[in-house]
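Working notes, beginning with the structure itself.
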Amino acid sequence: MGRLSRTEEQGRPAYRPVPNLCTMTSGLRRRLAQLDAAIVEQKQVLKALERDRADVQRQLHATSIFPLVSTLPVEITADIFCLCLPSIEELREDVEYERPISWSLGHRAPNVFLGVCQSWREIAIATPALWATFFLTVGYVSEDVLITPGALEEFIDAWLGRAALRPLSVIFRAIDSASLFTPERMRDVIRRHADRIKYMELELDQSSLCGLKLDSVAFPLLQCAVVEQQPSTTNTLDPWNPTEIYTNAPQIRHFILRGPTDFSLYALPWLRLTRYEGGIDSLDLFEFAPNLVDVKCSVEWEEPVPASIINHFCLQSLTLVDSQYEEDPLDILPHLNLPALQFLRLTDECQPDDPADALGEFLGRSSPPLRSLSARVEYENFYNWNRSCFSCVANTLENLELRAPDPLFQRGLFNSGLNSSGVCLPRLRNLHLIDTVGTNFTQLTDLLYTRSTTPRLAKLRSFRLVAPSSAVLLLQGDPPGTEIRYSAGDTPRINSAASRFGIDIYIGTAERAYFKHVHHAPRDPPYEFVY
4 MGRLSRTEEQ
14 GRPAYRPVPN
24 LCTMTSGLRR
34 RLAQLDAAIV
44 EQKQVLKALE
54 RDRADVQRQL
64 HATSIFPLVS
74 TLPVEITADI
84 FCLCLPSIEE
94 LREDVEYERP
104 ISWSLGHRAP
114 NVFLGVCQSW
124 REIAIATPAL
134 WATFFLTVGY
144 VSEDVLITPG
154 ALEEFIDAWL
164 GRAALRPLSV
174 IFRAIDSASL
184 FTPERMRDVI
194 RRHADRIKYM
204 ELELDQSSLC
214 GLKLDSVAFP
224 LLQCAVVEQQ
234 PSTTNTLDPW
244 NPTEIYTNAP
254 QIRHFILRGP
264 TDFSLYALPW
274 LRLTRYEGGI
284 DSLDLFEFAP
294 NLVDVKCSVE
304 WEEPVPASII
314 NHFCLQSLTL
324 VDSQYEEDPL
334 DILPHLNLPA
344 LQFLRLTDEC
354 QPDDPADALG
364 EFLGRSSPPL
374 RSLSARVEYE
384 NFYNWNRSCF
394 SCVANTLENL
404 ELRAPDPLFQ
414 RGLFNSGLNS
424 SGVCLPRLRN
434 LHLIDTVGTN
444 FTQLTDLLYT
454 RSTTPRLAKL
464 RSFRLVAPSS
474 AVLLLQGDPP
484 GTEIRYSAGD
494 TPRINSAASR
504 FGIDIYIGTA
514 ERAYFKHVHH
524 APRDPPYEFV
534 Y
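If you read the sequence shown in our numbering, its first letter stands for residue 4, the second for the next number, and so on.
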């Protein structure tokens with residue numbers, strides 16, 4: 004056992020040295036300062052890295068496609084490319100604005116995809132649907148290309164070759180520099196691809212169209228052909244010796260003739276046609292083409308009135324449009340008998356002295372199962388129309404579009420719908436009033452309720468009232484003086500009728516809807532007057 008110290012022997016605790024607290028505190032403060040400095044330094048490094056990352060991200064977006072797009076499957080990317088294709092109407096806009104072909108190729112799909120990256124280029128070239136439509140205005144092609152033998156032909160062949168076996172839509176417009184791209188050269192291009200052409204549109208002068216000799220070319224897939232006649236200094240076409248075109252197109256069904264030229268200048272496979280759009284200078288069309296189902300024509304009389312009424316037993320849709328001549332399109336109706344007609348549209352220019360009588364005589368003679376009628380009735384008397392026209396088709400008419408009916412005409416129409424005993428148009432389901440003024444919304448609401456609750460009447464499915472753009476539909480409290488007054492008090496009753504009976508209703512101008520209710524199911528779109 005060790006010896007005790009003297010102090011311990013005496014019973015007192017021994018002295019032990021106490022640590023220096025000041026020294027310890029100063030050391031900890033130095034360490035804390037070092038850590039704070041390191042944190043600040045690391046934050047500065049982090050901020051610099053974040054700035055560098057943002058710069059690289061911006062450069063990546065500027066020089067490459069978005070990363071998510073680059074990871075899409077090729078099929079989805081190809082489908083997106085196809086959705087970007089311009090329509091034929093958009094391509095025609097380039098012509099209207101006189102844009103050169105280099106502009107269209109550089110700013111329109113599909114060529115715009117070729118210069119983005121190698122991946123997009125490969126996808127675009129390998130997608131036949133992108134190249135199945137070819138639109139060419141020869142006048143906007145560089146003259147250097149036109150005079151170089153085979154240059155333009157090589158470009159066209161390369162474009163259409165990428166379409167593989169897809170049916171083609173080809174549009175040729177030869178203006179200005181057309182003499183450099185002769186009909187013989189164009190015919191050779193058409194011949195090489197004729198076996199795949201489904202839609203053909205030609206805008207040429209008469210001599211160029213004759214030079215194509217389309218009667219000698221076989222078009223096994225052609226279904227729709229369009230000819231737009233350009234003016235020519237030399238008139239080579241003779242109505243007594245018409246030009247034969249598309250006689251070797253066994254599937255052609257639709258022919259469109261634009262411009263002032265008449266159908267009698269061409270010899271077409273009339274027996275195959277079911278649709279025709281264009282001018283007529285005689286009623287021979289209805290004899291040459293007995294299988295027509297749809298006709299949209301302007302009338303340009305040059306021949307005497309037919310000796311007897313022409314019967315056409317297949318025509319279901321007829322649209323009469325105005326022409327540059329003084330003849331009224333309705334002038335052809337007294338010479339036609341169309342017992343299968345279901346759709347009849349008369350454009351705004353069809354305004355003879357007695358349109359209701361002329362139309363009523365035609366409907367009474369033909370007794371067609373007419374389902375849709377569209378006509379302008381400005382300054383017309385409803386009761387005359389009801390007696391002459393509506394009474395002839397009351398048992399079949401389902402869709403009625405009236406343009407510019409005045410308040411008296413509307414009142415007669417609405418009141419006839421309220422009379423369940425002698426009702427006009429009991430099967431009516433869609434009623435559209437276009438370019439109209441002076442509507443009585445109280446009568447309109449009564450009409451909606453009555454037609455939806457009377458068992459003998461078909462329920463309205465849609466109602467549209469479109470006022471002229473210059474008219475203003477007034478809300479309650481607005482000053483008087485405008486042509487149409489739509490009171491805020493009318494909204495609850497109309498809304499109740501629309502919701503209760505499931506009616507699609509639109510009230511307003513083309514630019515603004517004052518009341519709109521859509522009740523149709525997603526798979527049951529609202530009826531539109533399309534002819």
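Idealized CB from N, CA, C, for every residue including glycine.
If you're wondering where the values come from, they're calculated on a predicted model, not measured in any experiment.
Can you give me the C-alpha to C-alpha distance between residue i and residue j, rounded to a whole angstrom?
i	j	result
residue 429	residue 461	6 Å
residue 296	residue 190	31 Å
residue 265	residue 271	12 Å
residue 467	residue 220	49 Å
residue 335	residue 361	10 Å
residue 251	residue 134	25 Å
residue 497	residue 441	17 Å
residue 372	residue 366	10 Å
residue 83	residue 247	41 Å
residue 451	residue 504	9 Å
residue 506	residue 417	16 Å
residue 91	residue 194	22 Å
residue 96	residue 143	13 Å
residue 262	residue 74	49 Å
residue 37	residue 43	10 Å
residue 215	residue 187	7 Å
residue 325	residue 303	9 Å
residue 268	residue 225	21 Å
residue 218	residue 249	5 Å
residue 286	residue 276	16 Å
residue 197	residue 456	59 Å
residue 34	residue 76	56 Å
residue 114	residue 203	22 Å
residue 482	residue 111	Its pLDDT being 42, under 50, residue 482 is placed unreliably in this model, and the coordinates cannot settle the point.
What does residue i pair with, by DSSP beta-bridge criteria?
i	result
residue 280	259, 299
residue 140	176
residue 544	The requested residue 544 does not occur in the structure, where the chain is confined to residues 4 to 534.
residue 497	Paired residue(s): none; residue 497 is not in a bridge.
residue 470	512
residue 348	322, 377
residue 232	207
residue 57	In DSSP, residue 57 forms no bridge with anything.
In terms of alpha-carbon separation, which member of the options lies closest to residue i?
i	options	result
residue 78	122, 46, 37	122
residue 299	310, 281, 312	281
residue 347	312, 303, 392, 383	392
residue 158	138, 279, 93	138
residue 342	395, 379, 389	395
residue 86	48, 212, 132	132
residue 184	170, 212, 495, 163	212
Would residue i and residue j be called neighbours here (beta carbons separated by less than 9 Å)?
i	j	result
residue 316	residue 293	yes
residue 542	residue 176	With the chain covering 4 to 534 only, the question about residue 542 has no answer from this structure.
residue 166	residue 199	yes
residue 407	residue 449	no
residue 500	residue 509	no
residue 344	residue 318	yes
residue 375	residue 340	no
residue 332	residue 301	yes
residue 174	residue 206	yes
residue 470	residue 427	no
residue 255	residue 222	yes
residue 81	residue 129	yes
residue 463	residue 434	yes
residue 431	residue 400	yes
residue 419	residue 385	yes
residue 351	residue 379	yes
residue 163	residue 201	no
residue 472	residue 512	yes
Regarding residue i and the ligand MG, is the C-beta to nearest heavy atom distance less than 8 Å?
i	result
residue 497	This structure does not include the ligand MG; it has no bound ligands of any sort.
Whole alpha helix (DSSP H) elements within the stretch 143-181, 4-residue minimum: 146-150, 154-164
Entirely enclosed beta strand (DSSP E) segments - the stretch 359-425, minimum 3 residues: 375-379, 402-406
Unbroken stretches of the alpha helix (DSSP H), 4 residues or longer, contained in the stretch 419-463: Correct list: 444-456.
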